[in-house]
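J.: Using our numbering, read the sequence shown as starting at 1051 and increasing by one per residue.
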Amino acid sequence: MKPVKIAAWMLAMTMFLCTNCSVFATGGTFLDVAAGHWAYAAVERAFSDKAVEGSYYNPGTGERRFEPERDVTVAEFVAVLTRSFFPEELKTTQAGLAFPSTPWYDPYIRAGRDAGLFENAEQLADAPDKALIRYDMAVLLGNLFCRFSDTVPSQLDPALDPPKAEEIVADWSVIPEPYRDAVLLTVRSGLLQGVDEKGIFDGESTLTRAQMVTIYCRVADWLHSMGKPEAPTEPVSPDPADPIPVPVPIEPPVVTE
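1. Thinking just about the alpha-carbon of each residue, which of GLU1172, LEU1131, GLU1094 and VAL1128 is nearest to the one in PHE1116?
2. From the DSSP secondary-structure annotation, give me the bridge partner or partners of ALA1171.
3. Does the structure place the region 1105-1119 close enough to the region 1129-1145 that three or more beta carbon pairs sit under 8 Å?
4. Per DSSP, ARG1092 forms a beta bridge with which residues?
5. By DSSP, does ARG1114 sit in helix, in strand, or in coil?
6. Is ILE1218 helix, strand or coil when you go by DSSP?
7. Going by DSSP in three states, VAL1237 sits in which element: helix, strand or coil?
8. Does DSSP put THR1079 in a helix, in a strand, or in coil?
9. Tell me the rounded alpha-carbon separation between ASP1252 and ASP1221.
10. Quick test of your reading: PRO1118 and ALA1232, contact by CB under 8 Å. State the CB separation rounded to the nearest angstrom.
11. Quick check on DSSP: helix, strand or coil for GLU1284?
12. SER1275: buried (16+ other C-beta within 10 angstroms of its C-beta) or exposed?
13. What number of angstroms, rounded off, separates the C-alpha of LEU1257 from the C-alpha of VAL1263?
14. How about PRO1089 and SER1134: do their beta carbons lie closer than 7 Å?
This is the structure in structure tokens:
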């Protein structure tokens, strides 16, 4: 082999090895979620549970990215919930897929409808690409809560008088009426928390992907304590929270009807 070719080969190998080393330098699955990140444990758990797979994957280098600070859309959040907690509904909606042009989130939105996640919130199903705000998250989780409420203690009934409610949710007085029951129920049950030590709910703020997996873990623990639904045993495609961009999807696309 000529010296020039040897040098070029060595340079290529060095770049390849350095790239692969950087993938694992964080000590975890995702290049952009280091072990010191506040949501590291939640991200790793959500990945292990197959609730998320990341926003990018390169099979050649092993590089995965999660984008922890990116805002979550309605579709992404519903997809995590249906994939993790409503596998039968999701299996049913995926069974009839036929057209590759159908949006990736179609089976998850339909499964969410079947599971009752959009009860009194159909406008969310019609806006899957909308950035999720905390009020809407409370509605989705409140509906999930009610789906499994047959084993929930009666003291979690959200019907409280305003003074008691303000002791639980500091900004209760400014929460719009349509959201009040969902906010109070999810905060009292421990599924959601305020954004500060005062207990401010801040319902108009958006949700990041790092926050999403933290809440996923909280919901999973809550359901597990009551006999959590079995997670799907086979891969679900495309990834629920993460429609994978180039260079390659983690799983082959699923056609839809």
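For glycine and all other residues, C-beta sits at the position ideal for the given N, C-alpha and C. Quick caveat: nothing in here was measured; it's all calculated off a predicted structure.
T.: If we stick to the structure as given:
1. Checking every option, the nearest Cα to that of PHE1116 belongs to GLU1094.
2. In the DSSP secondary-structure assignment, ALA1171 is not bridged to any residue.
3. Contact check between the region 1129-1145 and the region 1105-1119: fewer than three CB pairs, one atom from each, fall below 8 Å, which does not count as touching.
4. Correcting the residue identity first, residue 1092 is Ala in this sequence and not Arg. Note: ALA1092 sits in no beta bridge, so no partner.
5. Looking at ARG1114 - three-state DSSP - the assignment turns out to be strand.
6. Correct three-state label for ILE1218: helix.
7. In the structure shown, VAL1237 sits in a helix (DSSP, three-state: H, G or I).
8. THR1079: coil per DSSP, three-state reduction.
9. If I take the Cα positions, the gap works out to 8 Å.
10. Contact doesn't hold; Cβ gap of about 26 Å is too wide.
11. Its pLDDT being 45, under 50, GLU1284 is placed unreliably in this model, and the coordinates cannot settle the point.
12. Flag for SER1275 reads exposed.
13. Looking at the backbone, the Cα of LEU1257 and that of VAL1263 are separated by about 10 Å.
14. The displayed chain sequence assigns Ala, not Pro, to residue 1089. Not in contact: ALA1089 and SER1134 (Cβ atoms no closer than 7 Å).
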